[in-house]
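Participant: This is the structure I have questions about; it appears just below.
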Amino acid sequence: MASDTGEFSYPRPNLIVSRSGYSVEVRMPNAIFYEEGDRRMAISVEALATTEPKLAIRRGDVKKWDSANEPAVSDHERDRILQNIHRAFDFKGWILAVE
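If you use our numbering, the sequence shown corresponds to residues 763 to 861, in order.
Written out as structure tokens, the structure reads:
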């Protein structure tokens, strides 16, 4: 069942959509798809063995949009993307560990 609260909606399992123009899709067992407008990137993640849903992401794995024409992300852009993913996870009560 889809849910909608403020900034975020949850139109289908594992897909969180922000009214700010980005989405986060958890693709188990080992990836997150992050989209912003017409840009997309796959980010490697690791499921952690805990009682609550918890994924670990390495900062260095947030590095490049899927399009071959896009340059590597800057440190500032990486921080913004990680913050957006964190906010989306908070919306669902999931835990994100950034290493």
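Heads up, the beta-carbon is just placed ideally off N, CA and C, and yes, glycines get one too.
Because the structure is a prediction, the values reported are computed rather than measured.
For Tyr784, I'd like the list of residues in its chain whose CB is within less than 6 Å of its CB, leaving aside the five on either flank, ordered along the chain.
Facilitator: Glu798 and Asn846
Participant: Report whether the distance from the Cβ of Tyr784 to the nearest heavy atom of the ligand ADP is below 6 Å.
Facilitator: The ligand ADP is not part of the structure shown, which contains no ligands of any sort.
Participant: Of all the options Arg789, Val779 and Pro775, which has the alpha carbon lying nearest to the alpha carbon of Ala850?
Facilitator: Among Arg789, Val779 and Pro775, the Cα nearest to that of Ala850 belongs to Val779.
Participant: Would you report the Cα separation of Glu769 and Arg781, rounded to the nearest angstrom?
Facilitator: 5 Å
Participant: How would you write the range of the alpha helix (DSSP H) that Leu844 sits in, first residue to last?
Facilitator: Asp837 to Lys854
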